[in-house]
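According to our numbering, the stretch in the sequence shown is residues 2 to 329, in order.
Everything below concerns the one structure shown next.
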Amino acid sequence: MKKRVLAGMRATGRLHLGNYLGGVKGMLALQDNPAYETLYMVADMHAVTTPYSVEELQSHRREVLIDYLAAGLDPEKSVLFLQSDVMLHGELAFYLSSVMTIARMQHLPTFKDKVKQYPEHATMALLNYPLLMAADILMYKADKVPVGVDQEPHIEVAREVARKMNAQYGLSFPEAIRFATEGEYVPSLLGAGKMSKSVEGSAIDVTDSLDEIEAKLKKAPTDSGKGDEVPKTGGVANLLTLVELFEGVEAKQKYEQQYVGEGIRYGDLKKQLAAVIFKELQPIQQKRAELVADSAYVDSVITKGAEKARAIALETVNEVRTAMGFRS
Ligand code: ADP
Ligand code: TRP
């Protein structure tokens, strides 16, 4: 039997380069590997764990699916679906919550960060976020999860839940591991932290035009371009990471030599980088425009994906219902 892969993205906005390199690229690599059966969902239920707008969620859940298709995820090869179309995720998450303690959930760095960001919104849904994600992964008995490095603590929770459910109820959930890509950590344009939707000015979106990419890179902090040692953190280091991800390690080394030699001209570096980034994004943007014009096709992908995902999900939930005493 083929090994399974499951991944998802929260339906909180347009995809940026971090989502693309850390998430979608890994999803694509596994989709094209015949050893795996791949299931990719839009995590729309996860969107309500932080403050959100109903109208925006209604459009974002569909937009993320269109982004998947535009980037090359193929409904002939992968099951593409919306999480909320398979309501069994909520049921399984509840069952899983019975083997995890509140203390374990409260100590997760991702939980603490979000509480800091939204102190008025430390909800039960937020605390439960990793268990809903564990339910997503365990539902399809996934072995591999292509996500960025920031999601590692959540994958660890999924493994822990699998062990506990197996030990307590004699089930046989696999312990999933993260599938890492080269771009597992895409740094922010602002010089500190990771590129993120929730940090204004930190990200280049997959839908940005060449002008927008140039304007965003122009604002990225730099220095005089010259020195004894190439900085390992901050704006210059982040720019060089982007150069490496899009232009290759040799291009990065060339700039590093310039830094300790004649000096880097950041204007040229940024213009060149913008052009290479846009070249990679342009075909995705073209495909996206076609998909937006064909809503019947997008609807059919969503409907068929939900059917396929539901069939697998029902098998798993029935096993758990039986093991936990809800069916005899
Ligand atoms: P954001 O932090 O921008 O809200 P999400 O939490 O929706 O992004 O993440 C969706 C996917 O993109 C996950 O697989 C996540 O690991 C990946 N991802 C997000 N930001 C980055 C980044 N800066 N570098 C690499 N991967 C990232
Ligand atoms: N928590 C993930 C993120 O923020 C999104 C997600 C939800 C997910 N369920 C998942 C990722 C299951 C992988 C597998 O990006």
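Yeah, the Cβ is synthetic: ideal placement off N, Cα and C, and Gly gets one too.
Roughly how many whole angstroms lie between the Cα atoms of residue i and residue j?
i      : j      : result
THR111 : GLY91  : 21 Å
ARG11  : ALA193 : 23 Å
GLU245 : TYR256 : 10 Å
GLY372 : SER98  : Any answer about residue 372 is impossible in this case: the structure gives the chain only from 2 up to 329.
VAL321 : LEU172 : 8 Å
ALA181 : PRO120 : 32 Å
LEU22  : LEU16  : 10 Å
ALA204 : LYS305 : 33 Å
PRO188 : ASN20  : 11 Å
ALA310 : LYS165 : 24 Å
ALA307 : VAL299 : 12 Å
ILE303 : MET2   : 26 Å
HIS47  : LEU83  : 11 Å
SER296 : GLU263 : 54 Å
Please state whether DSSP places residue i in a helix, a strand or coil.
i      : result
VAL65  : helix
ARG11  : strand
THR327 : The amino acid at residue 327 is misidentified as Thr; the sequence shows Phe. Coil, per DSSP.
ASP114 : helix
ASP229 : coil
HIS47  : helix
HIS122 : helix
THR39  : strand
SER79  : strand
LYS195 : strand
ASP336 : Any property of residue 336 remains undetermined from this structure, which presents the chain solely from 2 to 329.
ASP295 : coil
For residue i, I'd like the list of residues in its chain whose CB is within less than 7 Å of its CB, leaving aside the five on either flank, ordered along the chain.
i      : result
ALA177 : ILE138, ALA143, ASP144, LYS145, VAL146, ILE156, ALA159, ARG160
GLY184 : LEU22, GLY23, LYS26, LEU246
ALA331 : Not covered by the structure: residue 331. The range shown for the chain is 2 to 329.
HIS122 : THR51, PRO52
LEU243 : LEU274
SER225 : none
Is the CB of residue i under 8 Å away from at least one CB in chain D?
i      : result
THR304 : Given the protein chain composition of this structure (a single chain), no chain D is represented.
Here's the rule: buried if 16 or more other CB atoms are within 10 angstroms of the residue's CB, otherwise exposed. What is residue i?
i      : result
ILE103 : exposed
VAL87  : buried
GLU268 : According to the sequence provided, residue 268 is Gly. The question's Glu does not apply to it. Exposed is the call here.
MET1   : Here the chain has residues from 2 to 329 only, and residue 1 is not among them.
GLN152 : buried
VAL148 : buried
PRO284 : exposed
HIS61  : buried
Among residues of its own chain, excluding the 5 on either side of residue i, which ones have a beta-carbon nearer than 8 Å to its beta-carbon?
i      : result
LEU241 : VAL231, LYS253, TYR256, GLU257
VAL49  : LEU58, ALA126
Give me, in chain order, the residues of the same chain whose beta-carbon lies closer than 6 Å to that of residue i; leave out the 5 immediate sequence neighbours on both sides.
i      : result
ASP1   : With the chain covering only 2 through 329, there is no way to say anything about residue 1.
LYS113 : none
VAL150 : GLU185, TYR186
THR223 : GLY236, VAL237, TYR267
VAL134 : Looking at the sequence provided, one finds Met at residue 134 rather than Val. These residues qualify, in order along the chain: HIS155.
LEU66  : VAL43
(request) Please confirm if the region 149-166 is in contact with the region 198-207, defined as three or more CB-CB distances below 8 Å between the two stretches. (result) no
(message) With a threshold of 8 Å, are at least 3 pairs of Cβ atoms found where one atom belongs to the region 284-295 and the other to the region 58-75?
(response) yes
(message) Pairs of beta-carbons, one from the region 32-48 and one from the region 218-228, closer than 8 Å: are there three or more?
(response) no
(message) Can you confirm whether the region 267-279 touches the region 50-58 when touching is taken to mean that 3 or more C-beta pairs between the two stretches lie within less than 8 Å?
(response) no
(request) When you get a sec, list the residues whose CB is within less than 6 Å of any heavy atom of the ligand PLP, chain order please. (result) With respect to the ligand PLP, the structure shown offers nothing to examine, as its ligands consist of the ligand ADP and the ligand TRP.
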